[in-house]
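Asker: Please see the structure below; I have some questions.
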Amino acid sequence: MSPRRITFPLVAAALAAAALPTAASAKGGFADGVAAAEVTQGSAVLWTRATRPGKLKLEVSRDKKLRRGVKRFSLNARRASDLTVQREVEKLKAGKRYYYRFRQGGGRSEIGTFKTAPKPKQKATVEFAWTGDADPVKAPGSDKLNFAPFGVYSRMAAEGNDFNVNLGDTIYSDTDSEFEFTDPLALSVDAKRAKYRTMLSERSLRRIRAAAGMYNHWDDHEFLNDFARSQTDYPTASGTQPGQPKRIQKVDGEKLYRDGAKAFREYMPVTYSKKDGIYRTMRWGKNLEVFFLDQRSFRDAGADDGGVCDNPPGSGIRDLAPMAPQRIRNTFSLLVPSLASPPPPACVARIRDPQRTYLGSRQYAAFTKAIKRSDATFKVVMNELPIQTFYADPYDRWEGYEAERNKLLAYLKANVKNVIFLTADVHANLINDARLKTLEDGGPVDSGIMDITAGPAGTDTFADDLNDETGNPQAADLANAAFFRKPPPDGPGIQCSQLRTDSYGQVKVTSKKLTVKLIDENGKPVKDPDGKTCGPYTIKKK
15 MSPRRITFPL VAAALAAAAL PTAASAKGGF ADGVAAAEVT QGSAVLWTRA TRPGKLKLEV
75 SRDKKLRRGV KRFSLNARRA SDLTVQREVE KLKAGKRYYY RFRQGGGRSE IGTFKTAPKP
135 KQKATVEFAW TGDADPVKAP GSDKLNFAPF GVYSRMAAEG NDFNVNLGDT IYSDTDSEFE
195 FTDPLALSVD AKRAKYRTML SERSLRRIRA AAGMYNHWDD HEFLNDFARS QTDYPTASGT
255 QPGQPKRIQK VDGEKLYRDG AKAFREYMPV TYSKKDGIYR TMRWGKNLEV FFLDQRSFRD
315 AGADDGGVCD NPPGSGIRDL APMAPQRIRN TFSLLVPSLA SPPPPACVAR IRDPQRTYLG
375 SRQYAAFTKA IKRSDATFKV VMNELPIQTF YADPYDRWEG YEAERNKLLA YLKANVKNVI
435 FLTADVHANL INDARLKTLE DGGPVDSGIM DITAGPAGTD TFADDLNDET GNPQAADLAN
495 AAFFRKPPPD GPGIQCSQLR TDSYGQVKVT SKKLTVKLID ENGKPVKDPD GKTCGPYTIK
555 KK
């Protein structure tokens, strides 16, 4: 995909956000900006990357000029953490705005800001946004980022939200662009650190990190595509030349996990433990509790691991839609000839295997217990990968772990009110009920729980990926019109199915309703291919 052009609406957004803190205001270093993360009603983790090793100071105040009531903290930047520093600041007041900056020698950072969460009993209106999937890859021989200027981040910063969510694929260890053949895989801590530094060379991302609290979350590309710790073989095009078959990259999954987690935690502050990964919950007043699911740390290997889902067998090409009814597969066999043959039975059996896990038993138990007992009016589940069904290439998503998916949805339907999944990962806007059944025998069965997928922030879109996967430049448009948007029994009937637009989701939560708007990088509502605006989508309190 070629670099994004700066359109007039995007320029207008940049001008509107000029009052926000920017790296241009920093004096004497701190080129990577500042960030506030893991904000609660009484604390926040504040981050920067120092100019050089040694001592530095953090200043925090409710005074935006940092002249009155300043709390000061001493930190030490070390090469062992790539000069990144972070400090959890506690004993803050709930529902208040704070300002902060760092100093080292005669240099000082820009001033960042964040707002603490309201107390759990306070009926406060809360606004936030989320997106994911940004590939900070440089064109060969250039310092220009391929997907710049990442207008989604500028738009999100200009919303003036209480907080924002960067929902995974914050870097691409295996780039998702036309440079995948030349951009080296990031398989070590140092290589991943370099990716994060490249990411932070983009001004729009530095701006959004300074403009509000940010909850950071990983997905697969912080490690490798479709990552699971138990997997050792990863098909990749990186290092090959155009036209060559993808190579199998052999890795130590546990080492890759440790390295990926270390680099992520250095640059994207997050609550982490070995037993819980980055699963956590955040309470924002009476109206909202946010649940962050870790869908990497504890999952079993994908159903396609080891070539089980190859079609034809031994081809190294996994079946595109193993769980789709054969009548649907036959319809698309002219586009993808392998669909004319039934999927490998062992592949279907592995997808349905009730012993396979997505969240891990500990996280599943903790999440279901926590969301059931939550007395927040609305429960938002930040979901790395979609839980709705759309059949195409399901291996990495909830669909590839069918038994646990259906178990969780049945539990939520029976026990929890006012819950919604907000998702990224697939580089598309896809909105639908997270059904218990869609095209299977007996007809569709709704869960009554909506899954809203937004993004990407700046990488190839789902249309690009699907066209590349099939080798057909019309595949995505055909699949969208003839399948994704068709209601059952001919398709999943996705309410909004826009496969070609960079976007974010903007959320407003009150005591009576939760509303989601999908907005593109130019500040316009996302629209279906037929021109119909997607949303707004509203959940009313039950």
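Quick note on numbering: the sequence shown equals residues 15 to 556 in our numbering.
Cβ coordinates follow ideal geometry from the N, Cα and C atoms, glycine included.
Which residue comes first and which comes last in the alpha helix (DSSP H) that contains I222?
Answerer: 217-225
Asker: Three or more C-beta pairs closer than 8 Å, one from the stretch 151-170 and one from the stretch 442-458: is that the case here?
Answerer: Here the stretch 151-170 does not lie against the stretch 442-458, with fewer than 3 beta-carbon pairs under 8 Å apart.
Asker: In whole angstroms, give me the CA-to-CA distance for P351 and L423.
Answerer: 34 Å
Asker: Since A51 contacts N230 with CB under 8 Å, what's their CB separation in whole angstroms?
Answerer: 6 Å
Asker: Using beta-carbon positions only, say whether K264 and T246 come within less than 8 Å of one another.
Answerer: yes
Asker: Going by beta-carbon coordinates alone, are F142 and N175 separated by less than 8 Å?
Answerer: yes
Asker: Find out if the Cβ-Cβ distance for the pair A148, T371 is shorter than 8 Å.
Answerer: no
Asker: Going by DSSP, which residues form a beta bridge with P249?
Answerer: I262
Asker: Using DSSP with H/G/I as helix, E/B as strand and the rest coil, what is C361?
Answerer: helix
Asker: Please report how far the alpha carbon of M396 lies from the alpha carbon of L528, in whole angstroms.
Answerer: 15 Å
Asker: To the nearest angstrom, how far is the alpha carbon of S39 from that of G253?
Answerer: Reliability fails at S39, whose pLDDT of 44 lies under 50, so the model's placement of it is uncertain and the value that follows must be treated cautiously. Approximately 40 Å between the Cα atoms of the pair.
Asker: Where in the stretch 265-299 do unbroken runs of the beta strand (DSSP E), each at least 3 residues long, occur, reported from the N-terminal end onward?
Answerer: 294-298
Asker: Is the beta carbon of N301 sitting closer than 8 Å to the one on A226?
Answerer: Remark: C-beta atoms of N301 and A226 do not approach each other more closely than 8 Å.
Asker: Check whether the Cβ atoms of K386 and N429 lie closer than 8 Å to each other.
Answerer: Using a Cβ distance threshold of 8 Å, K386 and N429 count as a contacting pair.
Asker: Which residue comes first and which comes last in the beta strand (DSSP E) that contains D447?
Answerer: 443-447
Asker: Let me check understanding here. Comparing Cα to Cα, which of T184, E104, D455 lies closest to E281?
Answerer: The amino acid at residue 281 is misidentified as Glu; the sequence shows Tyr. The shortest Cα separation from Y281 among T184, E104, D455 belongs to T184.
Asker: Can you tell me whether I342 is buried or exposed, with buried defined as 16 or more other CB within 10 angstroms of its CB?
Answerer: I342 should be labelled buried.
Asker: Taking the beta carbon of P35 as the centre, do at least 16 other beta carbons fall within 10 Å, making it buried, or is it exposed?
Answerer: Its pLDDT being 40, under 50, P35 is placed unreliably in this model, and the coordinates cannot settle the point.
Asker: Tell me the DSSP secondary structure of T547 in three-state form.
Answerer: strand
Asker: If we count the other Cβ atoms within 10 Å of its Cβ and call it buried at 16 or more, is K137 buried or exposed?
Answerer: Counting Cβ neighbours within 10 Å, K137 comes out exposed, since fewer than 16 surround it.
Asker: Just to confirm the assignment, what range does the beta strand (DSSP E) spanning A153 have?
Answerer: Taken as a continuous stretch (DSSP letters only), A153 belongs to no beta strand (DSSP E), as it is neither H nor E.
Asker: Distance check for P470 and L348, CA to CA, integer angstroms please.
Answerer: 29 Å
Asker: Please tell me whether, using a cut-off of 7 Å, the distance from the CB of R101 to the nearest non-hydrogen atom of the ligand ADP is below it.
Answerer: In the structure shown, the ligand ADP is absent, as is every other ligand, since no ligand is present at all.
Asker: Should P67 be labelled buried (16 or more other beta-carbon atoms within 10 Å of its own) or exposed?
Answerer: exposed
Asker: Whose C-alpha, out of K421, E483, L492, T467, is nearest the C-alpha of S461?
Answerer: K421
Asker: Please confirm whether F164 and L214 have their CB atoms less than 8 Å apart.
Answerer: no
Asker: Taking all protein chains shown into account, do 16 or more other C-beta atoms lie within 10 angstroms of the C-beta of N325, making it buried, or fewer, making it exposed?
Answerer: buried
Asker: When you compare only the Cα positions, how much space is there between P198 and R261?
Answerer: 13 Å
Asker: Taking Cβ positions, are R366 and E303 nearer each other than 8 Å?
Answerer: no
Asker: Looking at the unbroken alpha helix (DSSP H) that takes in L492, where does it start and where does it end?
Answerer: 489-493
Asker: What is the DSSP secondary structure of T212, reduced to helix, strand or coil?
Answerer: In the displayed model, T212 falls within a helix according to three-state DSSP.
Asker: With a 10 Å radius around its C-beta and 16 neighbouring C-beta atoms as the bar for buried, classify K383 as buried or exposed.
Answerer: exposed
Asker: Going by Cα to Cα distance, which pick from V99, V53, Q377, N486 is closest to G47?
Answerer: V99
Asker: Can you check the stretch 102-139 for any beta strand (DSSP E) of at least 3 residues that lies completely inside it and give the ranges in chain order?
Answerer: 111-118, 126-129
Asker: Could you give the residue range of the alpha helix (DSSP H) that holds Y405?
Answerer: No alpha helix (DSSP H) holds Y405; DSSP gives it neither H nor E.
Asker: Quick one: residues in its chain with C-beta nearer than 6 Å to the C-beta of Y114, no 5 flanking neighbours on either side, listed in chain order?
Answerer: Cβ within range, chain order: L60, V74, G126.
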